[in-house]
Amino acid sequence: MGYYNWEVIFKTKTDNELLSIYAGNSHLDFEGRIYAALELKKRDFNFEKIQAIHKKNIANLRNEIESYKTLKFTKTKHFRGLLFTSAFLVSILIAAISNAKAFLFQNIFEQFRFWLIIISSILYVVTARWIYKYQKRKFSEAILHKIELLKLLDLPAFDN
Numbered sequence: 057m058g059y060y061n062w063e064v065i066f067k068t069k070t071d072n073e074l075l076s077i078y079a080g081n082s083h084l085d086f087e088g089r090i091y092a093a094l095e096l097k098k099r100d101f102n103f104e105k106i107q108a109i110h111k112k113n114i115a116n117l118r119n120e121i122e123s124y125k126t127l128k129f130t131k132t133k134h135f136r137g138l139l140f141t142s143a144f145l146v147s148i149l150i151a152a153i154s155n156a157k158a159f160l161f162q163n164i165f166e167q168f169r170f171w172l173i174i175i176s177s178i179l180y181v182v183t184a185r186w187i188y189k190y191q192k193r194k195f196s197e198a199i200l201h202k203i204e205l206l207k208l209l210d211l212p213a214f215d216n
């Protein structure tokens, strides 16, 4: 749910203003445009006039869903996991090679640096994976929210 109470705001708008908002001729977000269409529906507006606008909005949403499915996360998932793992292994290898003498001579500062590099690489991998999962979840929640808003309109152009 957004920050604004669109139902109250749009009660004072004229039909032409609401139609302009739904067509995307304003700076309002997707949720505002859908609530403008819902207000038009409450006023028994003839929706046959705006079927082209509705189909354009659905096509844009479908393009966004397809980009989510193909580009945003699924193809890069395995590559990104491989990248995180290889970065972790390379940093451990560098730490082991550069600090091999620390274990031979038992220099405490060198051992501390060795473990610091290992722990920081582990934290990097864990943090990067957490950020990736968080972004993926937020993006999918936004898509599902837009789909639910379009279903509120209950227009024939929306067919899963």
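To convert, count from 1 in the sequence shown and add 56; that's the numbering used here.
In this text, a Cβ means the ideal position worked out from N, Cα and C, and glycines have one as well.
Option nearest L206 by Cα separation, candidates A115, S76, K67 and L74 = Looking up residue 206 in the sequence shown gives position 150. Taking only the C-alpha atoms, the option nearest L206 is A115.
Entirely enclosed alpha helix (DSSP H) segments - the segment 73-114, minimum 4 residues | Uninterrupted alpha helix (DSSP H) stretches at least 4 residues long and entirely within the segment 73-114 occur at 86-98, given in chain order.
DSSP state of M57, grouped into three classes?
-> Here residue 57 corresponds to residue number 1 of the sequence shown, with the count starting at 1. Only weak support exists for where M57 lies, its pLDDT of 49 falling under 50; the value from the coordinates is given anyway. M57 falls in the coil class under three-state DSSP.
Run through DSSP, which three-state label would K67 get?
-> Within the sequence shown, numbered from 1, the residue matching residue 67 stands at position 11. Three-state DSSP puts K67 in coil, outside helix and strand.
Which listed residue (N61, A79, N81 and E87) has its alpha carbon closest to that of L208 = As a first step, residue 208 is located in the sequence shown; it is residue number 152 there, counting from the start. Selected option, being the one with the closest Cα: E87.
7 Å Cβ cutoff met for L74 and E95 | Indexing the sequence shown from 1 puts residue 74 at position 18. Indexing the sequence shown from 1 puts residue 95 at position 39. Yes, they are a contact pair.
Could you round the C-beta distance between I109 and Y78 to whole angstroms and report it? I think they count as a contact, below 8 Å.
-> To locate residue 109, count along the sequence shown from 1; it is residue 53. To locate residue 78, count along the sequence shown from 1; it is residue 22. 6 Å between Cβ atoms; contact.
Tell me which same chain residues have a C-beta within less than 8 Å of the C-beta of A152, skipping the five on either side of it?
-> Within the sequence shown, residue 152 is the residue found at index 96, counting from 1. Cβ within range, chain order: F170.
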